[in-house]
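**Student:** Counting the sequence shown from 1 gives a position; my numbering is that position plus 380.
Just so it is clear, CB atoms sit at the ideal spot from N, CA and C, and this is done for glycine as well.
First the structure, then my questions, so here it is.
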Amino acid sequence: MLLFGRPMRTRLPELDSVQMSPLDDQVRERDSNQKQRMKEYADNKESILKHPVQPGDFVLLKREGHIPKASMPYETKPFRIVSVKGTMATAQRGTQKVTRNTSHFKKIRKTVPGPAYTDDNTQCSKEELSAQHHKTPDAHRYPSRQCQSPKYLSDFYRK
């Protein structure tokens, strides 16, 4: 019987000497092989998520306590992530530093204001920029549909 060195508890009379059967070694070896396969499977699973925030990202901080329905759940002024260690992140805005779990931060896109460039890396004028943003879509983008009367109504007079 495979007990891994533990004493067997029973009320039946038995011999005191426990003999190892030749099957014990095979069972133990198979058990360790199966455990190794399970460990490799768990280690190779792709379910591990990367951190949602990295140092340098702009984030909004979740407000603490009760939040009224009409107000936002996050603060309106953004923080910048300074450091990340494990699941804890430190964010800074001016002189204020906040360290929270990464689940309390919401990553936002923050664009840096500066001159706009075209594909050939030349700076655009303000007129060109406004023309790019105010383009009107083509009125006839899709072909018009031809309306036909059903074939079964071809015998009747219609206006």
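So what's Lys449 in DSSP terms, helix, strand or just coil?
**Tutor:** Reduced to three states, the DSSP call for Lys449 is coil.
**Student:** Note the first and the last residue of the continuous beta strand (DSSP E) segment covering Ser524.
**Tutor:** It is not in any beta strand (DSSP E) - Ser524 carries neither H nor E in the DSSP assignment.
**Student:** Nearest to Phe384 by alpha carbon, out of Leu392, Ser401, Met418 and Pro393?
**Tutor:** Ser401
**Student:** Can you look up Ser401 in the DSSP assignment and give me helix, strand or coil?
**Tutor:** Ser401: coil per DSSP, three-state reduction.
**Student:** So who's on the other strand from Ala471, going by DSSP bridges?
**Tutor:** Ile461 and Val478
**Student:** Are there three or more Cβ pairs, one per stretch, closer than 8 Å when the segment 471-483 is compared with the segment 445-453?
**Tutor:** no
**Student:** With DSSP as the reference, identify every bridge partner of Tyr454, one or two as the case may be.
**Tutor:** Lys442
**Student:** What's the call for Leu440, buried or exposed, on a 16-neighbour Cβ count within 10 Å?
**Tutor:** buried
**Student:** In chain order, what residues of the same chain lie with their CB nearer than 8 Å to the CB of Met418, ignoring the 5 residues before and after it?
**Tutor:** none
**Student:** Under 8 Å Cβ to Cβ from Arg473, same chain only, skipping five residues before and after it: list those, please.
**Tutor:** Around Arg473: Lys457, Pro458, Phe459 and Arg460.
**Student:** Compute the distance between the beta-carbons of Pro435 and Ser463, then report whether it is under 8 Å.
**Tutor:** yes
**Student:** Please report the residue range of the beta strand (DSSP E) in which Lys546 lies.
**Tutor:** Given that the chain is displayed from residue 381 to residue 539, the structure contains no residue 546 and the question cannot be resolved.
**Student:** Give me the Cα-Cα distance between Ile488 and Glu455, rounded to the nearest whole angstrom.
**Tutor:** 12 Å
**Student:** Out of curiosity, what's the CA-to-CA distance linking His484 and Arg443?
**Tutor:** 8 Å
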